[in-house]
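Please read the structure below before turning to the comments.
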Amino acid sequence: MKRMVKDVAEAIQARLMGEPTVEVSGIASIRSASAGSLVFVDDEKNLHSALASPAAAVIAGEFAATAQSSKPLLISAQPKLAFARAARLLAAGHPHSSAIHTSAIIHSSARLGVGVSLGEGVVIAEDAEIGDGTSIGANSVIGASVKIGRSCEIYSNVTIYPHTSLGNLVIVHAGAVLGSDGFGYVRDEASGRYEKFPQVGRLEIGDEVEIGANATVDRGALDVTRIGRGTKIDNLVHIGHNVQIGEDVVIAAQTGLSGSAIVENNVIIGGQVGIGEQGHLQEGTILGGQSGILPKKVLRGKGVVFWGTPARPISEYLKQLAVLSRLAKQSKPKE
Amino acid sequence: MKRMVKDVAEAIQARLMGEPTVEVSGIASIRSASAGSLVFVDDEKNLHSALASPAAAVIAGEFAATAQSSKPLLISAQPKLAFARAARLLAAGHPHSSAIHTSAIIHSSARLGVGVSLGEGVVIAEDAEIGDGTSIGANSVIGASVKIGRSCEIYSNVTIYPHTSLGNLVIVHAGAVLGSDGFGYVRDEASGRYEKFPQVGRLEIGDEVEIGANATVDRGALDVTRIGRGTKIDNLVHIGHNVQIGEDVVIAAQTGLSGSAIVENNVIIGGQVGIGEQGHLQEGTILGGQSGILPKKVLRGKGVVFWGTPARPISEYLKQLAVLSRLAKQSKPKE
Amino acid sequence: MKRMVKDVAEAIQARLMGEPTVEVSGIASIRSASAGSLVFVDDEKNLHSALASPAAAVIAGEFAATAQSSKPLLISAQPKLAFARAARLLAAGHPHSSAIHTSAIIHSSARLGVGVSLGEGVVIAEDAEIGDGTSIGANSVIGASVKIGRSCEIYSNVTIYPHTSLGNLVIVHAGAVLGSDGFGYVRDEASGRYEKFPQVGRLEIGDEVEIGANATVDRGALDVTRIGRGTKIDNLVHIGHNVQIGEDVVIAAQTGLSGSAIVENNVIIGGQVGIGEQGHLQEGTILGGQSGILPKKVLRGKGVVFWGTPARPISEYLKQLAVLSRLAKQSKPKE
């Protein structure tokens, strides 16, 4: 939907420099910009190419305030954030259709809110509740007594096990599995065989959580697995049973959290990290990619970066790598 | 289903102390117990909180035999195992419905046993066989000539490729893919292009195997990939073509086994472990999380724990980590 | 379909030795060969068992030219490649049916080529285009404006997000997700909350690409994620937004590529490798399993093998491992 830059600037609280009535119709990268595009620059070295692009207008940091520009500039202290918000504003003209496809199969006891959209072949089991404005993609399966809040976006081929609850504004990408049984067995000492430990708990996901494609999140064994508000989980991440994740946590792709791990607010976890059972990441800790945290280990320190397996403070780890490299260079070749 | 503790004690072969006619209606953790709950304690330090909880009865080890308790105690040498069995007993009152949803699409040549349950949108292809009492979740796809035993539980959005066979009492979680093509190509030296090597073998899965959500198991290239009885596989695990896995093996989440790997009985593999082509884990070996086993490497020793990449005995690896840490501390800071 | 060995030899450009009218009906491994099987040997030490097997004929290297054999031999400079091609020839007698199942749901604006096959419950959204001879497995979901070329094989429960394009002869295994949103957020410095950065780019996949089961490939944020012709991607691989992958690249299972990584032609990547944001693998580099490449790191050298985290030339890494092992053995035990 087309909007005048003065309206965009007002909505995103940016300071407008230049012609207020120029119209923008969508966002783009500098490279792919065309007439009507709104682009952004958060690094001064890219300002020139933004101004030279066909874009209609540019969101930029304070550094651009003195630039010569024939295009309107929207000056913001956080230009990337301002751009993300402008993108939402410009996309708002393309609302979801709120249709329920005739092939969706909805149990008579399920409750659907206003403006719910269900794709082809969607299954909604008994006693499930779907909030207002939530959209569910084709062939997704929503189990019995699942509760999904309002304005959620569930993509296709997602499976949500019974009794799972999702807050509002949750996004779940295709193929994700929520609320599956945890990995728990008891070995019979007599027979040597494993018997399944009951996996009958639940999974609770807070507001504004996003879960990536083909990620898996297990329900609690007897209690509850929890993911706090605003936490973002990438593709193919595994979350084990009884895990407790706080708010505003970021977990990159293919990371795995073993059972009963605890991740406090504002933790940042890189890709392919492994966290052992009951591993505990305290508030604001940061883990480098492929790190490994031993079972029951506690990592602490806001903003402290850990790396390696077992994870240690990154400065320590880098020093160890440097020492090892030096020793190998000094050692006489024997081959 | 409610049961008297004397009946539970008898079924799980526990020694009952206290009032035999107290009724329990379900299992719970100590934390979430309510009136009617059956809980367990396998560590003496938790006995007090179990006894102080609202639970109706407590399964505990021999250590509890002398405790003062107003609740019935079910004393067992393996309290966690006894609890798991009690959970099954108490859940048995909630049988699966054995309905075949009208939207399931079943090829006329497929054979369904007695008491089979098929969810919405399930597809059963030609010549497939589904055993008595097996349940298949919504939108799962069972390929041609697949054979599934009795009392299996296949969750939603599972795909089973043609000719795969599953034993009895197998559990397959949502999104898992069984019997897909292995990763095999031949590079044409002339063109430099990869051509697909035939992936036309099969996958055979034994009785009582459990496979986690979004796990993938490839069929053999020309021969058979096999997973033995009682083996438990966690979420997002990858099993390559021609892999041979024995009985009672445990494989934690996100581990990957390359083509033709061999895993003997009673092996325990942590999460995010990588096993190279034809890597071979002999009976009873144990691998720490994130370990890496080189192609063709053989690891041996019942109960021996290996860790690191390349995997080595854990005592050796820990010593190496300690030495490196000491050297780094001794080295003069140069930054 | 049965064929005479002289016809097979001609088709795969092998030199025939022995009776030209012997018939073969299918391929097999030496171990599983039966009468009518065609087998291959690329290592001279297996020649004897091939000749002693029940197989009807043997594809072998030049080393077999002087062997005594009662079976026809098809001599090829690349016997494994010749075998792969013979497999395709013999399978050609079993064509796909090109039926569109009545339960498939096809938007009226979608365009289907000649000989398209759609399984049960397949969803084809508006403006999608499916090329001639392409087959799509049951319950897969093809988003709006997706373009799929000719002779592709899309297995079951696959999700393709809107605007993704696939070339010709592409194979996508079950459960794969193509074109999902990348993992991009902007943190508002004021609130500490993450807001979604727009993920509105596209995904383009070239001809003859194969993508494994439950793999995930994200679309570009603002631009395009690209996978070049002939590239082969294994199960559970993650490809982030804006990644650029060249031609004839091989990526083994569970490897993850962070956003904006660049992988040039003919690169070979082992399993469980992690590549940081903007990591760059130049043409022909080779990465050992579980390697980690730091963000923005460039690796170069055709045929050079890298290993470890951070990835370094393998000879260097092995020397470091050896030095560390030696030091640990020399150090006095203190425990």
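Protein chains in written order, with my numbering: chain F, 1 to 335; chain X, 336 to 670; chain D, 671 to 1005. The beta carbon of each residue, even a glycine, is placed where N, CA and C say it ideally should be.
| Check | Outcome |
| --- | --- |
| Roughly how far, in whole angstroms, is the beta-carbon of Phe710(D) from the beta-carbon of Ala84(F), given that I think they are within contact range, below 8 Å? | The pair is not a contact, with the Cβ atoms about 56 Å apart (cut-off 8 Å). |
| Per DSSP, Ala730(D) is paired with what? | Val711(D) and Ile745(D) |
| Helix, strand or coil: which one does DSSP assign to Gln330(F)? | helix |
| I'd like the list of long-range same chain contacts for Gly121(F), defined as Cβ closer than 6 Å, with 5 residues on each side in sequence excluded. | Ser103, Ala138 and Asn139 |
| Using the Cα positions of Ile160(F) and Tyr864(D), report the straight-line distance between them to the nearest angstrom. | 25 Å |
| Would you please verify whether the beta carbon of Lys654(X) is less than 9 Å from any beta carbon of chain D? | yes |
| Any residues in the stretch 905-922 of chain D with a beta carbon nearer than 8 Å to a beta carbon of chain F? Which ones, in chain order? | Leu906, His908 and Gly910 |
| For a contact defined as C-beta to C-beta under 9 Å, what are the partners of Ser1001(D) on chain X? | Lys654, Ala657, Val658 and Arg661 |
| For Tyr529(X), which beta-bridge partners are listed by DSSP? | Arg522(X) |
| Would you kindly report the start and end of the unbroken alpha helix (DSSP H) that includes Gly120(F)? | The displayed chain sequence assigns Glu, not Gly, to residue 120(F). Where Glu120(F) is concerned, there is no enclosing alpha helix (DSSP H), given that its DSSP letter is neither H nor E. |
| Skipping 5 residues on each side, what residues in its chain have a beta carbon closer than 7 Å to that of Glu1005(D)? | With a pLDDT of 46 at Glu1005(D), under the threshold of 50, the modelled position of this residue cannot be trusted; read the value that follows with caution. Counting only Cβ-Cβ distances below 7 Å, and skipping sequence neighbours, we find nothing. |
| Measuring alpha carbon to alpha carbon, tell me which of Val943(D), Leu873(D) and Val840(D) ends up nearest Thr901(D). | Val840(D) |
| Any heavy atom of the ligand SAH closer than 8 Å to the beta-carbon of Asp802(D)? | For the structure depicted, the ligand SAH is absent and the ligand set is empty, with no information on it obtainable. |
| State the CB to CB distance for the pair Gly276(F) and Gly288(F), rounded to an integer number of angstroms; the pair is presumed to be in contact (CB under 8 Å). | At roughly 17 Å, the Cβ-Cβ gap does not stay under 8 Å, so Gly276(F) and Gly288(F) are not in contact. |
| Run down chain F in chain order and give the residues with a C-beta less than 7 Å from the C-beta of Ile775(D). | Ser103 and Glu120 |
| Mind checking whether Gln625(X) and Gln320(F) have CB atoms under 9 Å apart? | no |
| Would you report the Cα separation of Lys482(X) and Asp542(X), rounded to the nearest angstrom? | 12 Å |
| Is it buried or exposed, Ala722(D), if we count other Cβ atoms within 10 angstroms and call 16 or more buried? | exposed |
| Run through the stretch 926-983 of chain D for me and flag every whole beta strand (DSSP E) of 3 or more residues, listed as ranges in chain order. | 975-977 |
| Express the C-alpha separation of Gly849(D) and Gly212(F) in angstroms, rounding to a whole number. | 12 Å |
| Tell me, please, whether the stretch 355-371 of chain X touches the stretch 295-313 of chain F by the rule of three or more beta-carbon pairs shorter than 8 Å. | no |
| Considering only residues of the same chain and omitting the five flanking positions on each side of Val267(F), which have a CB-CB separation below 6 Å? | Val249, Leu281 and Thr285 |
| Below 8 Å on the Cβ atoms is my contact criterion, and I expect Pro497(X) with Ser486(X) to pass it. Report the Cβ-Cβ distance as a whole number of Å. | Wrong, their Cβ atoms sit about 23 Å apart, outside the cutoff. |
| Closest Cβ-Cβ distance between Glu44(F) and chain X: below 9 Å? | no |
| Once DSSP output is grouped into helix, strand and coil, what is the label at Asp218(F)? | strand |
| Could you name the residues of the stretch 145-156 of chain F whose beta carbon sits closer than 8 Å to any beta carbon of chain X, in the order they occur along the chain? | none |
| For Gly450(X), collect the residues of the same chain with a Cβ closer than 7 Å to its Cβ; drop the 5 residues on either side in sequence, then sort them by chain order. | Ser433, Asp467 and Gly468 |
| How far does the beta strand (DSSP E) with Val512(X) in it extend, from its first residue to its last? | Val512 to Ser515 |
| Can you say whether Glu859(D) is buried or exposed, counting buried as having 16 or more other CB atoms within 10 angstroms of its CB? | exposed |
| Just to check my reading of the structure: Ala399(X) and Leu382(X) have Cβ atoms closer than 8 Å, yes? What is that Cβ distance to the nearest angstrom? | 6 Å |
| Excluding the five sequence neighbours on either side, which residues of its own chain have a C-beta within less than 7 Å of the C-beta of Asp893(D), listed in chain order? | Gly871 and Asn912 |
| Using beta carbons (cut-off 9 Å, strictly below), is Thr225(F) in contact with chain X? | no |
| Under 7 Å between beta-carbons, which chain F residues line up against Gly624(X)? List them in chain order, please. | Gly274, Gly276 and Gly292 |
| Spell out whether any CB of chain F is found under 9 Å from the CB atom of Ile362(X). | yes |
| Note down, in chain order, every chain X residue with its Cβ under 7 Å from the Cβ of Ala754(D). | Val521, Glu530, Lys531, Phe532 and Pro533 |
| How about Ile245(F) and Gly228(F): are their beta carbons less than 9 Å apart? | yes |
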